[in-house]
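Protein chains in written order, with this note's numbering: chain P, 92 to 327; chain V, 123 to 387.
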């Protein structure tokens, strides 16, 4: 089976099992036979009930969870790299210049101002601080984070505000792949609409996205294709 | 920010090959191999007696291995076996291109001389002799580690634990080393003081593109600072990988035990 050369993500027969050594070594099958691909400019939404393995698949694509077998093909700087077997250094390179991850929760670094939390991915990739901060400000503005909060660390913000800071940080970079783990979970209608807009813009820029979205309406608005994760349920 | 992919960074800075140390019949450290690249932060985790401190001593040339070798790419680009270095060369490396942050600041500082002299001493050791420039650079570094310049003439024995540790860091970084060894740098500090120190170390490491080998038993420290982690037990490396991978998806029984022992925040 071969997918178009243009696929940004090409997963073939990936499998993940947890072995719980502290619980007498029981095996917890998570997913197996995970096979799908994502083209540039396409948003694939993973569907299935809680516990079906949606987040685990996202973590496997990010290299956060290891695969037992199979392949996680990622197009990185023009070549395909199998993330399932890549060296740590290579995974870090891929995360810096190819794959972004927008999680539900902000892992805030104490004492860093919101504007810098958002600008950091651009600065890491070599953009001048002033320019990176200007772009961060634009995004925070769109996501309705008032300017008086920008110089404060986000640790004390409300859950919804923190999530918007996280979204701004995730969407600011020009990475060709974005993984979205419930990006609209605790947002109000106005901010959900902003996220839908941001996703549409990324599509126009050719970004390949994989998303987990529980809200039916949002899913409808952003999904180009739905991959049902229950078909990858590992035989228990 | 330097580009991690550039040619310069494609060569390892330090390579450990089958490093072992035994004391009589007791093997403190067995067969440890890895490569460290410029700008990379490696955490060595494990409990007391796991061999992590012995390993750090060998990696930093302070303890001769029973077997194996450590090689280091010097500033001139030539990679040298540490044991082939003469005493003077090794000392020079320690004063210039390397730093070593001890758990107890009293081991890394001179407690009775002023903070400014503690920082300036390293500059003098590499040939600086202009008093004004040394003092300016020392004050600059005290500011960077968030020590009030008004305290520059005070001796570190009048400092709090957190300040001493920050001073030790300034003393180590003033010569712009490429590699810094850290042995439980937040070990004896209060939690709030730890957070401030970790945050400071994290930003300095990124800004200066430092390679760091940090020994810690605290997985939260490893998560915050390191790119990669090596888990040690009984003198062996039992698991290694990207830090978030090892901590979120630990494979070995012992690593699972360590991770499950962390109190939730």
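Beta carbons: idealized from backbone N, C-alpha and C, even for Gly. These figures come from a predicted structure and were not determined experimentally.
In this structure, the straight-line span from the alpha carbon of residue 150/V to that of residue 380/V is close to 20 Å. Residues of chain V with a Cβ closer than 8 Å to the Cβ of residue 154/P are, in chain order, 364 and 367. Between residue 313/P and residue 290/P, the beta carbon gap of about 5 Å places them in contact (Cβ cut-off 8 Å).
Separation of residue 222/V and residue 332/V (C-alpha to C-alpha, rounded to the nearest whole angstrom) is 13 Å.
Boundaries cannot be given for residue 271/V, as no alpha helix (DSSP H) includes it and DSSP labels it neither H nor E. In the displayed model, residue 104/P falls within a strand according to three-state DSSP. With a cutoff of 8 Å on beta-carbon distance, residue 136/V and residue 301/V are scored as near each other.
Considering only 129/P, 183/P and 124/P, the residue with the shortest C-alpha distance to residue 301/P is 129/P. Against residue 113/P, the close residues of chain V are 375, 378, 379 and 382, in the order they occur along the chain (beta-carbon pairs closer than 9 Å).
Under the 8 Å criterion on CB atoms, residue 312/V is classed as non-interfacial with respect to chain P. Membership of residue 227/V in the alpha helix (DSSP H) is indicated by the continuous run 227-230. Per the Cβ contact rule, the stretch 209-217 of chain P is in contact with the stretch 183-198 of chain P (3 or more Cβ pairs under 8 Å). For the pair residue 310/V and residue 273/P, the Cα-to-Cα distance works out to about 40 Å. Under the three-state reduction of DSSP, residue 126/P is assigned to strand.
Classified as exposed, residue 288/P has fewer than 16 neighbouring CB atoms from the shown chains inside 10 Å of its CB. Secondary structure of residue 220/V (DSSP, three-state): strand. Its chain contains 134, 135, 136, 164, 333 and 335 as the residues whose beta carbon lies nearer than 7 Å to that of residue 158/V, once the 5 sequence neighbours on both sides are disregarded; these appear in chain order. Contact of residue 183/P with chain V is assigned, a C-beta pair being separated by under 8 Å. Rounded to the nearest whole angstrom, the C-alpha separation of residue 235/V and residue 243/V is 10 Å. When C-beta atoms of the stretch 360-372 of chain V are compared with those of the stretch 159-175 of chain P, fewer than three pairs fall below 8 Å, so the two segments do not count as touching. About 6 Å separates the Cβ atoms of residue 147/P and residue 122/P, confirming a contact at the 8 Å cut-off.
Around the beta carbon of residue 205/P, 16 or more other beta carbons lie within 10 angstroms, which makes this residue buried. For the options 248/V, 307/V and 271/V, the alpha carbon positioned closest to that of residue 284/V is the one of 307/V. At least one CB of chain P lies nearer than 8 Å to the CB of residue 159/V. Under the Cβ distance rule, residue 340/V does not count among the residues neighbouring chain P, no pair being separated by less than 8 Å. Between residue 105/P and residue 151/P, the CB-CB gap stays under 8 Å. The stretch 244-257 of chain P and the stretch 168-179 of chain P do not touch, with fewer than three beta-carbon pairs separated by less than 8 Å. Residues of chain P with a Cβ closer than 9 Å to the Cβ of residue 350/V are, in chain order, 179, 180 and 183. Under the DSSP assignment, residue 376/V falls in the alpha helix (DSSP H) whose first and last residues are 375-382. Listed along chain P, the residues sitting closer than 7 Å to residue 317/V by beta-carbon distance are 201. The residue from 220/P, 306/P, 294/P and 323/P with its alpha-carbon nearest to that of residue 134/P is 294/P. When secondary structure is reduced to three states using DSSP, residue 279/P falls in the coil class, being assigned neither helix nor strand. Counting only unbroken stretches of 3 or more residues, the beta strand (DSSP E) elements lying wholly within the stretch 224-277 of chain P are 268-272, in sequence order. Per DSSP, the unbroken alpha helix (DSSP H) holding residue 176/V starts and ends at 174-181. Neighbours of residue 157/P in chain V, taken as residues at a C-beta separation under 7 Å, are given in chain order as 367 and 371.
Under the 8 Å criterion on CB atoms, residue 270/V is classed as non-interfacial with respect to chain P.
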